[in-house]
Amino acid sequence: MARQRPNVFWMEKLGATVVPVTDGSRTLKDAINEAFRDWVTSMDNTHYVLGTVCGPHPFPEMVAWFQSIIGTEAHKQILAQHGGMPARVYACVGGGSNAMGIFQGFLDESDVELIGVEAGGKGLDTDQHASRMVGDRAAAGVAQGYKTMFLQDDDGQMLDTHSIAAGLDYVGISPILSDLGEKGRVRFEAATDDEVLEALTLTMRTEGIIPALESSHAFVQAFKEAPSMSRDEAIIINMSGRGDKDIFTIAHAFDDPSWKEFIIARADSYR
Amino acid sequence: MPIRAIFMLCCGCDVKNLGPAMLVTFLLSFTDCRLSQKNSKLKTLNSELKIMKLHDELRSRRDQKKILLMTHLVLGYPSFETNREVIKQMAENGVDCIELQIPFSEPMADGPVILKANQKALATGIKVEDCFEFAAEMVAAFPQVNFLFMTYYNIVFRYGEQKFLTRAAEIGMKGTIVPDLPPEEGESYLTASRALDLAPITFFTPTSTDERMQEVAAVGEGFVYVVARRGVTGEHTEMDKGLIEYLARCRAATELPLAVGFGIASRKDVAMLEGNADMAVIGTATIRLVDEQGAGAVGPFIAELLGT
């Protein structure tokens, strides 16, 4: 919860009760387990919908449909602004909801290349990442009610994951996306925490926008590939979230001295 | 992609018929007649074999007792040494079946006590292979007990479904309990289990319709695991008129023995089940007892439950 403190604050202000998970690795998978446990106990008066395109049927398709508005709008906007289809569409992939959302607008456009960017964390050669489709730590499995590529050991026990972006810190990936990956319709890449901070800095300085740490993964890959593309080709990067919510994490990662001073002074004033 | 609230708006889908055991899927179209045809073929095959099927074994035990007892433990928690002592006490005090739970990192149907036991067992570094070896030792040591594996499907899937079931049958296990595998998704598991004379245990829950109960029972063997209430393992279940009515509905849906679990913890609970079900299932209560008082307390607890 600490990594999402600003979101937790707003959720509470909006009237939600936010319950921290105390078991397991305390990442998204553990929150999903706990939500299921609550739901099987309270299904008389509770509906449960996963926030991402994962879980048992029909959640992946349901959530994909909810999110498809992103792709529908992006398709219209690129036609209006560019007069044609983009060459490539980039999206970060945790569970995969924003990626499924935007990709759906272009699945039928066979010339549009779709690129999903996973959390490379501290590097694919370490055990501190959350890349299911890139790297060799994931294998097919069945858990949390669905079959997909999971980061797991030889016995089928789920591995701990890491990403600077809490929203990408998850052991599984949408079964729809792993299928599209297997079929070659979506290409998967990974971006490391360091690359993410670098891309975020560049985006802020040159575009004046602040993407979320999750979305910054998509920017990393687009920045890597754009120089080798032609000038007439258009690309879409899905900025699925704003970085405001990540201010604590980003400031900490940059080890920003004036921010630290401010936090210390504020903490002192509360004592 | 900011993390979203886990509970979102109602989407209008009907989840009334889902119980904890069936939480992994919504009701899909069910190939009922195909399965029952296969069923009858296999039944003919099995009747030619001399091995006593688990449900027959339980029925004949049931003729001698008011109620049977199935106990449970998490393999490797707190250690195999303690497991060994606990099983000895259970066996010597007349337990009929023991569920050996192979720990999994995501035990979704389990409440806090069993969840923690899973995590702590895994933290000691135990592997599925160790569980098979330990189970083989227990089956050989206590032939009077019917041992079943309980685990989640990813463990079976990763090991290889056929390989897992074959190994379980070879070491003398009587069945498997896989709560996150709905029958619709488990056709190969059901078929392979029956061919190996391993009972695939299916579930009834309070949200199961009569029709669903009949479908589920038709593909199961051994007994039906009747989940006494909504929710996860380890919370108390009210032993009331509602439960008796639910058990009557279960009884009407199948001829298989009914094993009732989730929150059974005392002699009073077990007594309430006598005459309404065939077997009481004790899970969390024993784990809690071993945590608090050690393995030595298990024998007297079992004796007390059975009123012996």
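From first to last, the protein sequence lines stand for chains E and L. In terms of the numbering used here, the first sequence has 236 at position 236, counting the first letter as 1, and numbering is strictly consecutive. In the numbering used here, each number is its position in the second sequence, counted from 1, plus 271. Every residue gets a Cβ at the ideal spot worked out from N, C-alpha and C, and that includes glycine.
Would you tell me roughly how many angstroms separate the C-alpha atoms of A548(L) and E363(L), rounded to the nearest one? Sequence index remark: in the second sequence, residue 548(L) carries index 277 (1-based). Sequence index remark: in the second sequence, residue 363(L) carries index 92 (1-based). Per the coordinates, the alpha-carbon of A548(L) lies some 23 Å from the alpha-carbon of E363(L).
Continuous beta strand (DSSP E) stretch holding A191(E): start and end: What you label residue 191(E) is simply residue 191 of the first sequence in a count that begins at 1. Residue range V186 to T192 is occupied by the beta strand (DSSP E) that includes A191(E).
Do you know offhand how far A253(E)'s Cα is from F188(E)'s? By 1-based counting over the first sequence, the position of residue 253(E) is 253. By 1-based counting over the first sequence, the position of residue 188(E) is 188. Rounded to whole angstroms, A253(E) and F188(E) show a C-alpha spacing of 26 Å.
Quick check: what's the CA-CA separation for T302(L) versus E486(L)? Against the second sequence, residue 302(L) aligns to sequence position 31. Against the second sequence, residue 486(L) aligns to sequence position 215. Caution applies to T302(L), whose pLDDT of 31 falls short of 50 and renders its modelled position unreliable; the model cannot decide the point.
Less than 8 Å between the CB atoms is what I'm expecting for E118(E) and A165(E), so what's the real figure, rounded? Translated into the one-based positions of the first sequence, residue 118(E) becomes position 118. Translated into the one-based positions of the first sequence, residue 165(E) becomes position 165. Under the criterion of beta carbons closer than 8 Å, E118(E) and A165(E) do not qualify as touching, at roughly 11 Å.
Once you ignore the five residues that flank G96(E) on each side, which residues in its own chain have a CB closer than 8 Å to its CB? Along the first sequence, read from residue 1 onward, the residue named residue 96(E) stands at position 96. Correct list, in chain order: T52, V53, C54, G116, I173, S174, I176 and L177.
Does any residue of chain L bring its CB to less than 8 Å from the CB of D155(E)? For the purposes of this step, residue 155(E) is taken as residue 155 along the first sequence, with counting starting at 1. A Cβ of chain L is located within less than 8 Å of the beta carbon of D155(E).
Are any of the Cβ atoms in chain E nearer than 8 Å to that of V503(L)? Along the second sequence, read from residue 1 onward, the residue named residue 503(L) stands at position 232. Yes, contact with chain E.
Leaving out five residues on either side along the sequence, give the residues of the same chain with a beta carbon under 6 Å from the beta carbon of I32(E). On the first sequence, position 32 is the one that residue 32(E) refers to. The beta carbon of I32(E) lies closer than 6 Å to those of Q144 in the same chain, with the five residues before and after it left out.
At least one CB of chain E closer than 8 Å to the CB of K588(L): is that the case? Any question about residue 588(L) goes unanswered here, given that chain L covers just 272 to 579.
Could you work out which residues of chain E lie near Q390(L), taking near to mean beta carbons separated by less than 9 Å? Mapped onto the second sequence, residue 390(L) falls at position 119. By Cβ distance, chain E contributes D23 and G24.
Return the chain-ordered list of same chain residues with a C-beta closer than 6 Å to the C-beta of V21(E), the five sequence neighbours on each side being excluded. Position 21 of the first sequence, counted from the start, is the residue given in the question as residue 21(E). If the five residues before and after V21(E) are omitted, its C-beta is found closer than 6 Å to the C-beta atoms of D30, A31 and E34, all from its own chain and listed in chain order.
Looking at chain A, is there any beta carbon in it that lies within less than 8 Å of the beta carbon of M158(E)? Included in the structure are the protein chains E and L, with no chain A among them.
Is V497(L) close to chain E? Criterion is C-beta to C-beta, closer than 8 Å. Taking the second sequence and counting its residues from 1, the one referred to as residue 497(L) is at position 226. Chain E, which has no Cβ nearer than 8 Å to the Cβ of V497(L), makes this no.
Taking DSSP's pairing of strands, which residues face H252(E) in a bridge? Residue numbering aside, residue 252(E) sits at position 252 when the first sequence is read from its first letter. Answer is none; H252(E) lacks a bridge partner.
Flag this pair as yes or no: are the beta carbons of V220(E) and E261(E) separated by less than 8 Å? For the purposes of this step, residue 220(E) is taken as residue 220 along the first sequence, with counting starting at 1. For the purposes of this step, residue 261(E) is taken as residue 261 along the first sequence, with counting starting at 1. Cβ atoms of V220(E) and E261(E): not closer than 8 Å.
Quick one: what's got a C-beta closer than 8 Å to R332(L)'s C-beta in the same chain, skipping five residues either side? Taking the first residue of the second sequence as position 1, residue 332(L) is located at position 61. Excluding residues within five positions, the ones whose Cβ falls inside 8 Å are L339 and D367.
Assuming I573(L) is part of the alpha helix (DSSP H), what are its boundary residues? As a position in the second sequence, residue 573(L) is number 302, starting the count at 1. Here the alpha helix (DSSP H) through I573(L) covers V569 to L577.
Sequence-distant residues of the same chain with beta carbon closer than 7 Å to F589(L), five excluded per side: Here chain L has residues from 272 to 579 only, and residue 589(L) is not among them.
Opening and closing residue of the beta strand (DSSP E) in which R500(L) lies: Locating residue 500(L) in the second sequence gives position 229, counting from the first residue. Annotation: R500(L) is outside any beta strand (DSSP E) and is labelled neither H nor E by DSSP.
Which of the three DSSP states, helix, strand or coil, is assigned to I442(L)? The residue given as residue 442(L) occupies position 171 in the second sequence. Secondary structure at I442(L): coil, using DSSP grouped into helix, strand and coil.
Would you please verify whether the beta carbon of T148(E) is less than 8 Å from any beta carbon of chain L? Your numbering for residue 148(E) matches position 148 in the first sequence. Chain L places no beta carbon closer than 8 Å to that of T148(E), leaving this residue out of the contacts.
Proximity test, Cβ basis, 8 Å: E377(L) and chain E: Counting from one through the second sequence, the residue named residue 377(L) turns up at place 106. It does: the Cβ of E377(L) has a partner Cβ on chain E nearer than 8 Å.
So D451(L) contacts chain E; which residues on that side make the cut at Cβ distance below 9 Å? Translated into the one-based positions of the second sequence, residue 451(L) becomes position 180. Ordered by position in chain E, the residues that pass the 9 Å Cβ test against D451(L) are V142, A143, Q144 and G145.
Burial state of T17(E), where buried means 16 or more other Cβ atoms lie within 10 Å: Position 17 of the first sequence, counted from the first residue, corresponds to residue 17(E). Counting the other Cβ atoms within 10 Å of the Cβ of T17(E) gives fewer than 16, which makes it exposed.
8 Å Cβ shell around T46(E) - same chain, five flanking residues per side excluded: In the first sequence, the residue the question calls residue 46(E) occupies position 46. Same-chain partners within the cutoff: D38 and W39.
Applying the 10 Å Cβ sphere with the 16-neighbour rule, what's the burial state of I277(L)? Stepping through the second sequence from its first residue, residue 277(L) is reached at position 6. Unreliable positioning characterises I277(L) in this predicted model, as indicated by a pLDDT of 32, which lies under 50. The coordinate reading is nonetheless provided below. Buried.
List the residues of chain E that K398(L) touches, going by C-beta distances under 7 Å, in chain order. Counted from its first residue, the second sequence places residue 398(L) at position 127. At a C-beta separation below 7 Å, K398(L) has these neighbours in chain E: D155.
Does chain L have any CB closer than 8 Å to the CB of H252(E)? Position 252 of the first sequence holds residue 252(E). Not one chain L Cβ lies under 8 Å of H252(E).
Rounded to a whole number of angstroms, what is the C-alpha to C-alpha distance between E61(E) and L50(E)? Position 61 of the first sequence holds residue 61(E). Position 50 of the first sequence holds residue 50(E). Rounded to the nearest angstrom, the two C-alpha atoms are 11 Å apart.
Around the C-beta of D155(E), are 16 or more other C-beta atoms found within 10 angstroms, so that it is buried, or is it exposed? Residue numbering aside, residue 155(E) sits at position 155 when the first sequence is read from its first letter. Label assigned to D155(E): buried.
Is F494(L) helix, strand or coil when you go by DSSP? By 1-based counting over the second sequence, the position of residue 494(L) is 223. F494(L) falls in the coil class under three-state DSSP.
Buried versus exposed call for F9(E) [16 or more other C-beta atoms within 10 Å across all chains shown]: Residue 9(E) sits at position 9 when you count from the first residue of the first sequence. When all chains shown are included, F9(E) counts as exposed.
Residue range of the unbroken alpha helix (DSSP H) whose run includes R88(E): Counting from one through the first sequence, the residue named residue 88(E) turns up at place 88. For R88(E), there is no enclosing alpha helix (DSSP H); the enclosing beta strand (DSSP E) has its first and last residue at R88 to C92.
Name the DSSP bridge partner or partners of R242(E)? Reading the first sequence from its first residue, position 242 is the one you call residue 242(E). BP columns for R242(E) point to P211(E).
Should P211(E) be labelled buried (16 or more other beta-carbon atoms within 10 Å of its own) or exposed? Taking the first residue of the first sequence as 1, we reach residue 211(E) at position 211. Counting the other Cβ atoms within 10 Å of the Cβ of P211(E) gives 16 or more, which makes it buried.
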